[in-house]
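Student:
Rendered as structure tokens:
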């Protein structure tokens, strides 16, 4: 059992760290390393459609050209540490696309960031929430059913349901990690609108808090064998304006399916001392 | 719309929600809905929904036909320990060594208290809870399990089991159609979880092999059978009681999560109260 506990502990930490914020610099995505060889560009492949005419989003999507991982990495391997430490923190804060917090909240955001390992619920095996969980790793799209977004998460795989039949939000739903989602098609883009959140989760590491009034708009569009994902966060309690986060691009994969991870157990959290974002300047 | 009370109960209880045992006991609601099926179906009966490829379409939200009623649930549990499983339980087939181990375990040892999902609960589609949803495409059947908010991906495109993945709580499932019956073959389980929850001692080895069958008895009734072999633990093949689920009167399953924040308290409570059962 000791061995198992060790694994579980390690997993707990990984799980906590896994949920890095997607809203980090898009510079990597735009860099030359992200460009696949000409002629092999998955974005140039045809975009299949379902019988209803909408793009077919079915399949598994590896986060291959997002901010956090290089081309070819699996969707299970977003490096939890890549945006931590002095260098990455500096890069993050140098990104011009910063969350537009109200000035009076900035001290609180900074305080949270400096105490991340003590106050970020992602360190305690809690669900990452939307939009922190990032783009889906799998999508199931069946006629007459809500679109299902699947996520491989070390803290526990999860799913979201997105009805696209024109209904409104379910009344009286509140306090949710992943919110209440409804979807609609704008041309070939699936637009997912989500409300009903709790205020436990963050939008990303660095203390990015939000209120229960948060409304998240996610846009998913398939281009060939790639999936573009971008989230916009509206929260009049904490932001001065809606904030559109940097986009991710995922690549369709037939090799990978979603794996199940061992359970997240927060048995070692008291010993975490070194992961706080305290090297900002 | 299912009330949020159910969700909160399930969250608070971290899935020791006792009512799912009622699934096993042939409740009136489930039995009513299950009637009027099969041969002699009235001419006005709804046809079984089908996919474009002709296979039955099991998409939808399924439950036993009744909501969780905590007071009754505990009463049911007290009266019918391992009701519906009884002498036919998975554990009744344990080999001597496993039987000896089982006698040393009790409610407080239930891995579900650590947010580790049971394999079957009352039946695989609902897991540790009461409600499950199926979304079916021509190549895949996806099962969404409300409690613990988990999912299973069951490919039905003829691919074999994967040989490149580590063992997991839900195992590796592949499906195929035999007429109108979906047959799901599951291997590669971890030995971490139990088949059932509620402290029903039902550990297994990583040699566990399960076969699940899903059949629409009528348009609104899903019949599920499960058999399990575990040559390391069992003296023979275990057959789970047949479970019939009906279409739920709400559109989607809800968000419930298990976060290990109550584990210590739950284990303490389980130790003290033994879920209302007499100590064995």
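Chains as they are written, first to last, in the numbering used here: chain A, 1 to 281; chain B, 282 to 561. All C-beta atoms in this analysis are idealised placements derived from N, C-alpha and C, irrespective of residue type, glycine included.
(1) Would you tell me roughly how many angstroms separate the C-alpha atoms of residue 498(B) and residue 462(B), rounded to the nearest one?
(2) Would you kindly work out how many angstroms separate the C-alpha atoms of residue 254(A) and residue 328(B), rounded to a whole number?
(3) Could you round the C-beta distance between residue 486(B) and residue 511(B) to whole angstroms and report it? I think they count as a contact, below 8 Å.
(4) Determine the direct distance from the alpha carbon of residue 416(B) to that of residue 143(A), and round the result to whole angstroms.
(5) Taking the straight line between their C-alpha atoms, what separation do you get for residue 388(B) and residue 548(B)?
(6) Assign residue 187(A) to buried or exposed, taking buried as 16 or more other Cβ atoms, counted over all protein chains shown, within 10 Å of its Cβ.
(7) Exposed or buried, residue 377(B), counting other C-beta atoms within 10 Å across all chains shown (16 or more means buried)?
(8) Could you tell me whether the stretch 416 to 425 of chain B touches the stretch 130 to 141 of chain A, where touching means 3 or more Cβ pairs closer than 8 Å?
(9) So residue 119(A) is in the beta strand (DSSP E); what residue range does that whole segment cover?
(10) Straight-line CA distance for residue 148(A) to residue 112(A)?
(11) To the nearest angstrom, report how far apart residue 50(A) and residue 509(B) are at their CA atoms.
(12) Do residue 409(B) and residue 428(B) count as a contact pair if the criterion is CB distance below 8 Å?
(13) Please report whether the beta-carbon of residue 148(A) lies at a distance below 8 Å from any beta-carbon of chain B.
(14) Residues of chain B with CB under 8 Å from residue 142(A), in chain order?
(15) In terms of residues, what are the limits of the alpha helix (DSSP H) holding residue 498(B)?
(16) For residue 106(A), count neighbouring C-beta atoms within 10 Å of its own C-beta (all shown protein chains included) and say buried if the count is 16 or more, exposed if not.
(17) Pull the bridge partners of residue 226(B) from the DSSP assignment, please.
(18) Distance cutoff 8 Å, beta carbons only. Does residue 75(A) sit that close to anything in chain B?
(19) Give the C-beta separation of residue 102(A) and residue 233(A) to the nearest angstrom, bearing in mind that I take them to be a contact with Cβ-Cβ under 8 Å.
(20) Is residue 239(B) helix, strand or coil by DSSP?
(21) What residues of chain B sit near residue 258(A), judged by a beta carbon separation below 9 Å?
(22) Under 8 Å, do residue 226(A) and residue 250(A) count as touching if we go by C-beta distance?
(23) For a contact meaning CB atoms closer than 7 Å, what does residue 421(B) contact in chain D?
(24) So with Cβ pairs under 8 Å, would you call residue 159(A) a contact of chain B?
(25) Determine the contact status of residue 216(A) and residue 156(A), defining contact as a CB-CB distance below 8 Å.
Tutor: So, from the listed chains and residues:
(1) 10 Å
(2) 35 Å
(3) 6 Å
(4) 9 Å
(5) 8 Å
(6) exposed
(7) exposed
(8) yes
(9) It is not in any beta strand (DSSP E) - residue 119(A) instead sits in the alpha helix (DSSP H) that spans 116 to 119.
(10) 33 Å
(11) 38 Å
(12) yes
(13) yes
(14) 340, 416, 417, 418
(15) From DSSP, residue 498(B) is part of no alpha helix (DSSP H) but of the beta strand (DSSP E) over 490 to 499.
(16) exposed
(17) Beyond the ends of chain B as shown, which are 282 and 561, falls residue 226(B); an answer cannot be given.
(18) Its pLDDT being 42, under 50, residue 75(A) is placed unreliably by the model, and the measurement read from it follows with that caveat. Chain B, which has no Cβ nearer than 8 Å to the Cβ of residue 75(A), makes this no.
(19) Between residue 233(A) and residue 102(A) the Cβ distance is about 14 Å, and since that is not below 8 Å, they are no contact.
(20) The question about residue 239(B) has no answer, for chain B in this structure spans 282 to 561.
(21) 432, 434
(22) yes
(23) No chain D is part of this structure, whose protein chains are labelled A and B.
(24) yes
(25) no
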